[in-house]
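Asker: After the structure tokens below, expect a handful of questions from me.
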């Protein structure tokens, strides 16, 4: 609408008029196309998500290996990345460089867990048994996910009545660990901006000018880390040095909103 408002038409036939449409609808955002022509592109890496529930009781050796945080085992364009979650769970990401349609071309029947387990073990046949136990003993649910990203410097011109946040605005790989953090910070800053705004268009513009450089920095870090960790050669040693320097640098500075 010429006023900057938008008419929303829902599947059930209900319509409504909005002064501001917030695109917080993730990687495959429907709202993004209203402000940007950018489309997610495959980044060359696919993960297969697996998990352990009641891990401390059922698999204490796995629980001990991961500890209270995260474990990275990396080599030859592959990785096993384990992460401690709440509620006595651990998630593990089987990670590898692969063509975009590898999930189909690999021939692995991910809907047949025990066969998928055998096929994935073959991909890591020369890895240490302590790491292969992630695949040997995980729960019978294998979820393959090709990873997609938006351009690291994704920007758009301010569009009256439409704004993006989270993955809809700055989709990146998980190798900087910033996706959810950025989404929550985006939402907080947007809420503050529009709550205190006399001019909605200017408030949207100001918000965008905050998120653009912050997201670009995280996206560049994510892209760099992906190439560092999922690579040929001694990726594990390189990653160890990376995390050592990261820990020595101390905690991040508080973010002021």
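Numbering (the numbering used here), first residue to last: 782 to 1038. Every residue gets a Cβ at the ideal spot worked out from N, C-alpha and C, and that includes glycine. Since the structure is predicted, the reported quantities are computational estimates derived from the model, not experimental observations.
#1: Which term fits residue 902, buried or exposed, when burial requires 16 or more other beta carbons within 10 angstroms of its beta carbon?
#2: Short check: CB of residue 812 to CB of residue 949, under 8 Å?
#3: For the stretch 898 to 933, list the beta strand (DSSP E) runs that are entirely contained and at least 3 residues long, ordered along the chain.
#4: In chain order, what residues of the same chain lie with their CB nearer than 8 Å to the CB of residue 991, ignoring the 5 residues before and after it?
#5: Alpha carbon to alpha carbon, how far is residue 862 from residue 792?
#6: Kindly list the residues whose CB is nearer than 6 Å to the CB of residue 912, restricted to its own chain and excluding five residues on each side of it in sequence; keep chain order.
#7: Within its chain, find whatever has a CB closer than 7 Å to the CB of residue 934; leave out the 5 residues flanking it on each side and keep chain order.
#8: Touch check for the stretch 830 to 849 and the stretch 919 to 928: three-plus C-beta pairs under 8 Å?
#9: What did DSSP end up calling residue 853 once you bin it into helix, strand or coil?
#10: In whole angstroms, give me the CA-to-CA distance for residue 898 and residue 884.
#11: In the DSSP assignment, find the unbroken alpha helix (DSSP H) run with residue 827 in it and report its ends.
#12: Assuming residue 999 contacts residue 965 under a Cβ cut-off of 8 Å, what Cβ separation, rounded to an integer in Å, is found between them?
#13: Can you tell me the Cα-Cα spacing of residue 849 and residue 870, whole angstroms?
#14: Taking DSSP as the reference, what is the three-state secondary structure of residue 808?
#15: Residues in its own chain within less than 8 Å of residue 968 by CB, not counting five upstream and five downstream?
#16: So, under 8 Å CB-CB, residue 864 and residue 851 are touching, yes? Tell me the CB distance rounded to an integer number of Å.
#17: For residue 889, which residues from the same chain have a beta carbon less than 6 Å from its beta carbon, with the 5 sequence-adjacent residues on both sides left out?
#18: Kindly indicate which residue of 795, 794 and 787 has the alpha-carbon position closest to the one of residue 803.
#19: Let's see if you can read the secondary structure: which residues bound the alpha helix (DSSP H) around residue 847?
#20: Going by other Cβ atoms of all chains shown within 10 Å of its Cβ, with 16 needed for buried, is residue 843 buried or exposed?
#21: Applying the criterion that 16 or more other CB atoms from any shown protein chain within 10 Å of the CB defines a buried residue, is residue 1011 buried or exposed?
Answerer: This is what the structure holds:
#1: Result: exposed.
#2: One thing to note: residue 812 has its Cβ within 8 Å of the Cβ of residue 949.
#3: With a minimum length of 3 residues, the continuous beta strand (DSSP E) runs that stay inside the stretch 898 to 933 are 924 to 930.
#4: Result list for residue 991: 970, in chain order.
#5: The straight-line gap from Cα to Cα measures roughly 40 Å.
#6: Excluding the 5 residues flanking it on each side, residue 912 has same chain C-beta neighbours closer than 6 Å at 854 and 861, in chain order.
#7: Apart from sequence neighbours up to five positions away, the residues of its chain that approach residue 934 with a beta-carbon distance below 7 Å are 997, ordered along the chain.
#8: Under the Cβ criterion (8 Å, minimum of three pairs), the stretch 830 to 849 counts as touching the stretch 919 to 928.
#9: When secondary structure is reduced to three states using DSSP, residue 853 falls in the strand class.
#10: Rounded to the nearest angstrom, the two C-alpha atoms are 14 Å apart.
#11: Counting along the chain, no alpha helix (DSSP H) covers residue 827; the unbroken beta strand (DSSP E) around it starts and ends at 822 to 834.
#12: Actually they are not in contact, since the Cβ atoms of residue 999 and residue 965 sit about 13 Å apart, beyond 8 Å.
#13: Answer to the nearest angstrom: the Cα atoms are 11 Å apart.
#14: The three-state secondary structure of residue 808, taken from DSSP, is coil.
#15: Once the five neighbours on either side are set aside, the close Cβ partners of residue 968 are 805, 946 and 947.
#16: 5 Å between Cβ atoms; contact.
#17: The residues 897 and 900, in chain order, have a CB closer than 6 Å to that of residue 889 in the same chain once the five nearest residues on each side in sequence are set aside.
#18: Here the closest residue by C-alpha is 787.
#19: The continuous alpha helix (DSSP H) containing residue 847 extends over residues 841 to 847.
#20: That one is buried.
#21: Around the beta carbon of residue 1011, a 10 Å sphere encloses 16 or more other beta carbons of the protein chains shown; the residue is thus reported as buried.
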